[in-house]
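Numbering (the working numbering), first residue to last: 646 to 1128.
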């Protein structure tokens, strides 16, 4: 049987104008950093340097927080909700109008396939701003009584796996609630946040409402620990989340933490196998597995495990790994050499512990950071690859016999962010979902998001919710008489 070959279909880079260097976005303008130091951001698919970006120090964070405080006290918190909504609607429309530009830049700086940034990330970003624009004049209905108040200045630290989407998840509800923002993007993916700063200027957002400081861990630490911050929102690793929790303990800062995960994707013997295979592939290979809620543990009922694995391997053999800007690409580049090394180390541990590795035949590019889609069978709950978050395109396969065993194995993790259940029985979906210690449980699908639906986890996956009115309430406080 002949295999249909796809001709290259590269997206043009011409729509994106990347500056040779970028400053910090403070008080409505791009400014130089105090120290004058900078760092390079690269294309992980080619290792090409895209730009030099200013590295903010504590003095720069001071400036950004001061600008945010002035904007909060004098302009934003006192503005009518309907007026704030106009700015959010304007931002949403501009993002939609510049969607192709954002998508190309996201794929260049992050390494994800263009069809994911184009068809998933950027549309969701616009939806998030549209959704919270609608809430801005309806804060009385959040559930905190009449006329709830904003918290003040929010310090937000976002990760590299969904740079623009995580920005939207945090900035949109914060602004709708009347807070101002100082945001730090990840050091490997700052460019779409800086393009968003241009959108803020284009939307005539009042100066200081959104401030963006770029840098590495020291910049994030300075922001989180700054005494002028009223709310900390962080998405990233559990280790850093624990450090943030320790640093804000004993202060009056409100905190939302969305951390790591090791989600179980549970397939019962009555599930539609082909549909489940598509869900498994989407659950672990979407965005190269750089997803906190990735379905990285496949729990499949023993009597259908062999058939499912045959079909899963056949489907994986059709995945196209390569140029993120090619519209045919399914799996793009690993975001950084550091992350590639972690994936390599953990998969080597899987080999050493006796699990059986399988990857489809594929030719990886010579330059950049790449890893083949991989599954491990013969995995037990004691294996590191079944316990630790790999954050890459690696799936650990375990089996179960009974629903009780499936639930026990799914919950046998320090994480509790997400899970999936595949079965034709609605009663089983409800019964299993109610027993899973996971913040989000998908039924016969995986990795689906909506701005009206809250997202967050249990245990070491963090606390608090983003999305929905719950995500808005995280940026509000009740009036004294309504507490």
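Just so you know, even glycine gets a beta-carbon here, dropped at the ideal spot from N, CA and C.
{"Item": "Whole angstroms is fine: what's the gap from residue 818's alpha carbon to residue 869's?", "Value": "19 Å"}
{"Item": "Could you tell me the boundaries of the beta strand (DSSP E) in which residue 801 lies?", "Value": "798-802"}
{"Item": "Mapping the DSSP letters down to three states, classify residue 837 as helix, strand or coil.", "Value": "helix"}
{"Item": "Distance, Cα to Cα, residue 825 vs residue 882?", "Value": "25 Å"}
{"Item": "The alpha helix (DSSP H) with residue 953 in it runs from where to where?", "Value": "947-961"}
{"Item": "Looking only at its chain, what residues have a beta carbon closer than 7 Å to the beta carbon of residue 878, apart from the 5 residues adjacent to it on each side?", "Value": "799, 801, 815, 901"}
{"Item": "What ranges does the alpha helix (DSSP H) occupy inside the stretch 831-919, keeping only unbroken runs of at least 4 residues that lie completely in it?", "Value": "836-847, 862-869, 883-893"}
{"Item": "Should the stretch 720-733 be called in touch with the stretch 777-792, which here means at least 3 C-beta pairs below 8 Å?", "Value": "yes"}
{"Item": "Return the CA-CA distance between residue 1063 and residue 939, expressed in angstroms with no decimal places.", "Value": "8 Å"}
{"Item": "Between which residues of its own chain and residue 792 is the CB-CB distance below 7 Å, once the five residues before and five after are set aside?", "Value": "785, 1124"}
{"Item": "Please look up how many angstroms separate the CB atoms of residue 701 and residue 860, rounded, as I've assumed it's under 8 Å.", "Value": "5 Å"}
{"Item": "To which residues of the same chain is residue 769 closer than 8 Å at the C-beta, ignoring the five residues directly before and after it?", "Value": "810, 813, 1094, 1096"}
{"Item": "Give me the Cα-Cα distance between residue 991 and residue 731, rounded to the nearest whole angstrom.", "Value": "48 Å"}
{"Item": "Do residue 913 and residue 1087 count as a contact pair if the criterion is CB distance below 8 Å?", "Value": "no"}
{"Item": "Could you check whether the stretch 949-961 touches the stretch 919-935, counting it as contact only if at least three pairs of C-beta atoms, one from each stretch, sit closer than 8 Å?", "Value": "yes"}
{"Item": "Let me make sure I understand the geometry here. Which of 995, 1045, 829, 1044 has the alpha-carbon closest to that of residue 1033?", "Value": "995"}
{"Item": "Using 8 Å for Cβ pairs, my map puts residue 874 next to residue 828. What's the rounded Cβ distance?", "Value": "12 Å between Cβ atoms; not a contact."}
{"Item": "Go to residue 815, then tell me how far its alpha helix (DSSP H) extends in each direction, as first and last residue.", "Value": "808-821"}
{"Item": "Expressed to the nearest angstrom, what Euclidean distance is found between the alpha-carbon atoms of residue 697 and residue 763?", "Value": "25 Å"}
{"Item": "Can you tell me where the alpha helix (DSSP H) holding residue 754 begins and where it ends?", "Value": "744-755"}
{"Item": "Considering only DSSP beta bridges, list what residue 655 is partnered with.", "Value": "971"}
{"Item": "Can the beta-carbon of residue 1131 be found closer than 8 Å to that of residue 740?", "Value": "Residue numbering for the chain in the displayed model covers 646 to 1128; residue 1131 lies beyond these limits and cannot be assessed."}
{"Item": "Could you spell out where the alpha helix (DSSP H) holding residue 991 opens and where it closes?", "Value": "982-997"}
{"Item": "Per DSSP, residue 1061 is paired with what?", "Value": "1103"}
{"Item": "What residues in its chain sit with their C-beta under 6 Å from that of residue 1005, if we drop five residues either side in the sequence?", "Value": "961, 962"}
{"Item": "Could you pull the DSSP bridge partners for residue 661 from this structure?", "Value": "Answer is none; residue 661 lacks a bridge partner."}
{"Item": "When DSSP labels each residue in this structure, what does residue 667 get in the three-state scheme?", "Value": "strand"}
{"Item": "Roughly how far, in whole angstroms, is the beta-carbon of residue 678 from the beta-carbon of residue 846, given that I think they are within contact range, below 8 Å?", "Value": "Residue 678 to residue 846, Cβ: 19 Å. No contact."}
{"Item": "For residue 1048, which three-state DSSP category applies?", "Value": "helix"}
{"Item": "May I ask you to verify whether the stretch 749-759 touches the stretch 653-668, counting CB pairs closer than 8 Å and requiring at least 3?", "Value": "yes"}
{"Item": "Nearest CA to the CA of residue 888: which residue from 744, 866, 896?", "Value": "866"}
{"Item": "Across the stretch 1032-1049 and the stretch 928-948, are there enough close Cβ pairs to call them in contact, namely three or more that are closer than 8 Å?", "Value": "yes"}
{"Item": "Indicate the three-state DSSP secondary structure (helix, strand or coil) for residue 705 in the structure shown.", "Value": "helix"}
{"Item": "Using DSSP with H/G/I as helix, E/B as strand and the rest coil, what is residue 935?", "Value": "coil"}
{"Item": "Using the Cα positions of residue 1090 and residue 669, report the straight-line distance between them to the nearest angstrom.", "Value": "40 Å"}
{"Item": "Determine whether the beta carbon atoms of residue 930 and residue 978 lie at a separation below 8 Å.", "Value": "no"}
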